[in-house]
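Peer 1: Numbering (the numbering used here), first residue to last: 66 to 545.
C-beta atoms are modelled at their ideal positions from N, C-alpha and C, and glycine is treated no differently.
Computed from a prediction, not measured in an experiment: that's the story for all the values here.
Take a look at the following structure, please.
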Amino acid sequence: MEITIGNGHDAEVKVCLLFQHMSLDSLPIAQQPHMKKAGELTWFFGREGEPHTLVAGLGERNEFRLETLREAAGAAGRAVEKEKFSKVHVSLNEITQAAADHGMTEQDMAAAWVEGWLLGTYAFDTYLSEKRESSVSLLSLAGEDDRGLAAAVQTGKTRAQGTVFSRDLCNEPPNVMRPQVLAERLAERFAPTEVAVTVFEGDALKEHEMHGLMAVGKGSKHAPVFIEARYTTDASAPLIALVGKGMTFDTGGISLKKGRNISDMRMDMGGAAAVAGALDILTHMDVPVNVAVLIPSAENMPDGGALLPGEVIRFANGVSVQVGNTDAEGRLILADALIRAQVLGAETVVDIATLTGACAQALGPEMAGVWGDDNLLAVMRDLGERSGDRVWPMPLIEQYDDLLKSTYADTQNITNVSYGGAITAALFLRKFVDPASSWAHIDMAGTMEHKKTKGYAVEGASGFGARLLADFVMTKSRET
Ligand code: BES
Ligand code: ZN
Ligand code: ZN
66 MEITIGNGHD
76 AEVKVCLLFQ
86 HMSLDSLPIA
96 QQPHMKKAGE
106 LTWFFGREGE
116 PHTLVAGLGE
126 RNEFRLETLR
136 EAAGAAGRAV
146 EKEKFSKVHV
156 SLNEITQAAA
166 DHGMTEQDMA
176 AAWVEGWLLG
186 TYAFDTYLSE
196 KRESSVSLLS
206 LAGEDDRGLA
216 AAVQTGKTRA
226 QGTVFSRDLC
236 NEPPNVMRPQ
246 VLAERLAERF
256 APTEVAVTVF
266 EGDALKEHEM
276 HGLMAVGKGS
286 KHAPVFIEAR
296 YTTDASAPLI
306 ALVGKGMTFD
316 TGGISLKKGR
326 NISDMRMDMG
336 GAAAVAGALD
346 ILTHMDVPVN
356 VAVLIPSAEN
366 MPDGGALLPG
376 EVIRFANGVS
386 VQVGNTDAEG
396 RLILADALIR
406 AQVLGAETVV
416 DIATLTGACA
426 QALGPEMAGV
436 WGDDNLLAVM
446 RDLGERSGDR
456 VWPMPLIEQY
466 DDLLKSTYAD
476 TQNITNVSYG
486 GAITAALFLR
496 KFVDPASSWA
506 HIDMAGTMEH
516 KKTKGYAVEG
526 ASGFGARLLA
536 DFVMTKSRET
C-alpha cells in the first residue's frame, strides 16, 4: 500500500471524520448523531462511478486524543478492506482546529492516522493457507506536501512497523519461537542497520555468569541465549539499557502451571518483543542515542534436568537466591540482565516483562504497571497516554521486602503470602539494579495480548511497549 499526500481526486472511498456536535456542509449525506460516536462507522455507498463515503465517528470534541484517531483509523482500515476497495482518501483538515485545541499538530494527526491504519489492518497470517491480502493500494491524506506531512506519514509507518515486528515475534507459536530463533530474528532484522547484535550461548553464558538464565533454561532441550543489541549513534550520550524478558514458553517448569489453557505462555517473551520493536523504531528515527537492548531468553520446561524448587542460585553480583517456585522464572533471568546493564555502565535501565499474573489481575488489559524512580514513572505515564501504550505508577512498598527473606539464602524468588505479588516481584528485581542508575520496571502481563479486534487492536499479540520505549529513549536522549 502506498501512502501519499494529495487531493484524493481518484479515490474510490472518502473517509470523513466527525465529532459529536459537528456536521459538514460539504457532505451531501445524512449526518445523524449516532454516527458520530467514537468507534462508530457508517457507509454511504455511491452509485456507479461515484465515490463511497465512510463516516467515522470521533465522539466528543473535548475528549479528542491521538488515540481516538488511531482507533478510528484502525477500524476504518478494516472496514475498507472488508469491502475490497482499493483507493482511499481521508481528510484531517476539518478536525485540525480541535486537534490544535488539544495541543496536537497536523503532523501528530497524520502520523497517528497512518499508525492506527497499519496496526488495525495487521494480520498474522504466516500459518494460514489463505493469506490475507489487502485490497487497498493507495491511502492518501489531504494536504500539501510542504507542511511536513510526508515526514509525519513516515513516522507513522516507522512506529507501526516496529510494533508489527513486536507482534510478529510474539505471535509465533512456541514450536517455532525458541530462544535461538529469537536471536536469529533479531540478528536478521538489524543486519542492514548500525545495530550490533551479539548472542551469548553455552560457554559464553558461563563466562558471563548468567546463572539465573542457565538455571531457568536447563530443563529444555532448546538452550537459553542472552541477546545483546547495541545501537549507538551518539557515543557521548549516557547509556540507556532496555531489558526484555524473553521466555519463549513458560510451562512453569517443575512448578508446572495447571488447571487452564496455558498456550498464552508462548507470549511470555512479550518484553523481549517490546524492546526489539522499540529498537526497530529507533533505527528509523535518525536520533542521537546510546542504547543497549538486553534479552535473556529461555524456555521454562519440566524435565529430569530442570531447575528444582529449593535450588540456590548465586548471581554474579553475589546475591544468592533460593528458588521457591520455578514458575517465578522471569525475575531470575531478568536479574542476570540487570547485572549486565550495570556492567555495561547504563545510567538508565528500563526492564519490561510479562512478569506476574498479579499485575494482570490488578490493572487488567488496558494498562501495564510501572515501578521505580518517581521521575521515570511520571515520564512513562505521560508518554503512555500519548502513544496508547498506557502504564500506571505502582509502589515499591518497603515493608514488603521482608517477605522475600529466605532462611538459607540472601533472598527467595517468591513470598509466602498471597498479596502484592506484582510489587514483591519488582522488589526482587531491585536487588539486581545498580543503585546509582535510574530504573523503571514495567509489568506487561496484562497487556501482552488483545482478546478481541477493536480500534487498532487486533486479536493476538498487542505489540505493547515498542512505541512506549522508543519514545522513552528519544525523550531521555533529548534531555541530555
Ligand atoms: N509469565 C508468568 C506471568 C504471567 C501470567 C504472564 C499471566 C502473563 C499472563 C510468570 O512467569 C509467572 O508464572 N508468575 C507467577 C509468579 C508466582 C509463582 C510468584 C504468577 O504470576 O503466578
Ligand atoms: Zn512463570
Ligand atoms: Zn513467565
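Sort GLY324, VAL456, ARG295 and LEU420 by Cα distance to ALA341 and report the nearest one.
Peer 2: ARG295
Peer 1: Is HIS355 helix, strand or coil when you go by DSSP?
Peer 2: It is Asn, not His, that sits at residue 355 in the sequence shown. Under the three-state reduction of DSSP output, ASN355 falls in the strand class.
Peer 1: Just the residues with CB closer than 5 Å to a heavy atom of ligand 1, in chain order, which are they?
Peer 2: ASP315, ASP333, ASN390, ASP392, ALA393, GLY395, THR419, THR421, GLY422, ILE479 and ALA510
Peer 1: Please state whether the Cβ-Cβ distance between PHE537 and VAL408 is less than 8 Å.
Peer 2: no
Peer 1: Is it buried or exposed for THR545, if we count other Cβ within 10 angstroms and need 16 for buried?
Peer 2: exposed
Peer 1: Identify which residue in LEU92, VAL523, ASP499 and PHE230 has its Cα closest to the Cα of ALA64.
Peer 2: There is simply no residue 64 to check, as the chain begins at 66 and stops at 545 in what is shown.
Peer 1: Within this structure, are the beta carbons of LEU344 and ARG405 separated by less than 8 Å?
Peer 2: Cβ distance not < 8 Å, so LEU344 and ARG405 don't count as in contact.
Peer 1: If you count every other CB in all the chains shown that lies within 10 Å of the CB of LYS79, and 16 or more means buried, which is it?
Peer 2: Classification of LYS79: buried, given that the 10 Å Cβ count is 16 or more.
Peer 1: I'd like the list of long-range same chain contacts for ALA381, defined as Cβ closer than 6 Å, with 5 residues on each side in sequence excluded.
Peer 2: GLU274 and ILE404
Peer 1: Under 8 Å: do the stretch 72–89 and the stretch 196–209 share three or more Cβ pairs, one atom per stretch?
Peer 2: The stretch 72–89, when compared against the stretch 196–209, does touch it at the 8 Å Cβ threshold.
Peer 1: At the level of alpha carbons, what is the spacing between GLY429 and GLN97?
Peer 2: Rounded to whole angstroms, GLY429 to GLN97 spans 34 Å at the Cα level.
Peer 1: Can you give me the start and stop residues for the beta strand (DSSP E) that PRO244 sits inside?
Peer 2: Careful: PRO244 lies outside any beta strand (DSSP E), inside the alpha helix (DSSP H) at 244–255.
Peer 1: Of all the options LEU247, GLU132 and PHE314, which has the alpha carbon lying nearest to the alpha carbon of GLY395?
Peer 2: PHE314
Peer 1: Looking at ASN365 and ligand 2, is the gap between the Cβ and the nearest heavy atom below 7 Å?
Peer 2: True, at least one ligand heavy atom lies under 7 Å from that Cβ.
Peer 1: Run through DSSP, which three-state label would PHE230 get?
Peer 2: helix
Peer 1: Can you list, in chain order, the residues of its chain with a C-beta nearer than 7 Å to that of ASP438? Leave out the 5 residues immediately preceding and following it.
Peer 2: Contacts found: SER503, TRP504 and ALA505.
Peer 1: Is it buried or exposed for HIS154, if we count other Cβ within 10 angstroms and need 16 for buried?
Peer 2: buried
Peer 1: Less than 7 Å separating the Cβ of GLY592 from some heavy atom of ligand 2?
Peer 2: Given that the chain is displayed from residue 66 to residue 545, the structure contains no residue 592 and the question cannot be resolved.
Peer 1: Taking 7 Å as the cut-off, is the CB of GLY317 close to at least one heavy atom of ligand 2?
Peer 2: yes
Peer 1: Please determine if the stretch 450–465 and the stretch 345–364 are in contact, where contact requires at least 3 C-beta pairs separated by less than 8 Å.
Peer 2: no
Peer 1: Over the uninterrupted beta strand (DSSP E) stretch that includes THR480, give me the two end residues.
Peer 2: In this chain, THR480 is not harboured by any beta strand (DSSP E), its DSSP state being neither H nor E.
Peer 1: Could you name the residues of the same chain whose beta carbon sits closer than 6 Å to that of ASP475, not counting the 5 residues immediately before and after it, in chain order?
Peer 2: Apart from sequence neighbours up to five positions away, the residues of its chain that approach ASP475 with a beta-carbon distance below 6 Å are VAL384 and SER385, ordered along the chain.
Peer 1: What separation, rounded to the nearest whole angstrom, lies between the Cα atoms of VAL262 and ILE346?
Peer 2: Straight-line spacing of the CA atoms in VAL262 and ILE346 works out to 16 Å.
Peer 1: What separation, rounded to the nearest whole angstrom, lies between the Cα atoms of GLY370 and ASN390?
Peer 2: Between GLY370 and ASN390, the C-alpha separation is close to 16 Å.
Peer 1: Decide if LYS271 is buried, meaning its Cβ has at least 16 other Cβ atoms within 10 Å, or exposed.
Peer 2: For LYS271, the number of other beta carbons within 10 angstroms of its own is below 16, and it is reported as exposed.
Peer 1: DSSP on LYS519, reduced to helix/strand/coil?
Peer 2: strand
Peer 1: Would you say LEU312 touches ligand 3, meaning its beta carbon is less than 7 Å from a heavy atom?
Peer 2: Checking the displayed sequence, the identity of residue 312 turns out to be Met instead of Leu. For MET312, the distance from the CB to the nearest heavy atom of ligand 3 is below 7 Å.
Peer 1: Please tell me whether PRO458 and ILE488 are closer than 8 Å, where the distance is taken between their beta carbons.
Peer 2: no
Peer 1: Sorted by chain position, which residues of the same chain lie with C-beta nearer than 7 Å to PHE230's C-beta, five sequence neighbours on each side aside?
Peer 2: ARG254, ALA341, GLY342 and ASP345
Peer 1: Assuming GLY317 and ASN365 are in contact, meaning their beta carbons sit under 8 Å apart, how far apart are those beta carbons, in whole angstroms?
Peer 2: 7 Å
Peer 1: State the beta-bridge partners of TRP436 as determined by DSSP.
Peer 2: HIS506
Peer 1: Does the structure place the stretch 156–174 close enough to the stretch 93–109 that three or more beta carbon pairs sit under 8 Å?
Peer 2: no
Peer 1: Is ALA363 closer than 8 Å to PRO239 when the C-beta atoms are compared?
Peer 2: no
Peer 1: If you compare alpha carbons, which of ILE507, THR220 and GLY528 is closest to MET513?
Peer 2: GLY528
Peer 1: When you compare only the Cα positions, how much space is there between MET242 and ALA288?
Peer 2: 12 Å
Peer 1: What residue does the alpha helix (DSSP H) around ARG543 start on, and which one ends it?
Peer 2: 531–544
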